[in-house]
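Residue numbers for the sequence shown follow our numbering, beginning at -18 and rising by one.
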Amino acid sequence: MTTTILIVDDEPQLVRALRINLSARGYRVLTAHNGATALKQAAEGHPDLVVLDLGLPDMDGAEVIIGLRGWSTVPIVVLSARPDSAGKVRVLDAGADDYMTKPFGMEELLARLRAALRRATVQDTREPVVRTASFTVDLAVKKVYRDDVEVHLTPTEWGVLEILARSDGKLVPQKQLLQQVWGEHYTTETHYLRVYMAQLRRKLEPVPSQPRHLLTEPGMGYRFAP
């Protein structure tokens, strides 16, 4: 299968250079020029690795890392013009896998990307199927089964469920869910989440009014409990 790399940077020339070099080596390349688009691309495109600049126009790159780490273990290689060690520590603690300071050599970057992908291949032993006592979520084929019968979900319902199922039981903030499923202009539309969570509970929970798996953290977000 083709390896997909998401490039997140607001410098068009750098993005173009990375796209050309990565495409020439057989990688599939996705791009984003701001943090909101990066989170949406990550949720929809399922990249195998993210190359992330910290100086984005709409949010700090560290916020993007935190958003991704709420539900994904995708390797993240940070590119930054900031040479200070405190900044490096901050993003590595937030969940980045590697850090390179601009300007950098293309061959070194490519070598670091290969190394990050190798480590991810070794470490990613999680089964693409998430099982609960009530239903099963197959992340690979994007289907849900209850009592061995497929449950039909709309694309939006699946988008919400997939992010929650990939979160490893961690809290997924309301803003993050809205941003990744609906887009950056919908981060205050919390009623969307109430509507779609109610629909998912009706389809998947044994007792929708007393959910066991799709849990609400009032005023904060949602949590998936297998």
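Beta carbons are placed, not taken as given, at the ideal position from N, Cα and C, and that holds for glycine.
- Between isoleucine 57 and alanine 77 the beta-carbon gap is near 5 Å, inside 8 Å, which marks them as a contact.
- In this structure, the alpha-carbon of serine 115 lies about 16 Å from that of alanine 179.
- A contact between stretches requires three or more CB pairs, one per stretch, nearer than 8 Å, and the segment 183 to 197 meets this requirement with the segment 122 to 142.
- Distances from the CA of leucine 195 to each of Met201, Gly202 and Ala206 were compared; the closest alpha carbon is that of Ala206.
- In the structure shown, the three-state DSSP call for arginine 147 is coil.
- In terms of Cα proximity to lysine 151, the closest of Leu49, Leu11, Ala17 and Met87 is Leu49.
- The DSSP assignment places complete beta strand (DSSP E) segments of no fewer than 3 residues inside the segment 24 to 56 at 30 to 34, in order along the chain.
- As DSSP reads the structure, isoleucine -12 sits in a beta bridge with Thr12 and Val32.
- Fully contained in the segment 55 to 82 are the following beta strand (DSSP E) runs of length 3 or more, in chain order: 57 to 61 and 79 to 82.
- Annotation note: the segment 138 to 197 contains the following uninterrupted alpha helix (DSSP H) runs of length 4 or greater, listed N- to C-terminal: 155 to 162 and 171 to 185.
- With distances taken between CA atoms, aspartate 39 lies nearest to His166 out of Tyr203, Trp52, Tyr126 and His166.
- Judged by DSSP secondary structure, valine -4 falls within the alpha helix (DSSP H) whose first and last residues are -7 to 5.
- Here DSSP, grouped into helix, strand and coil, assigns threonine 18 to helix.
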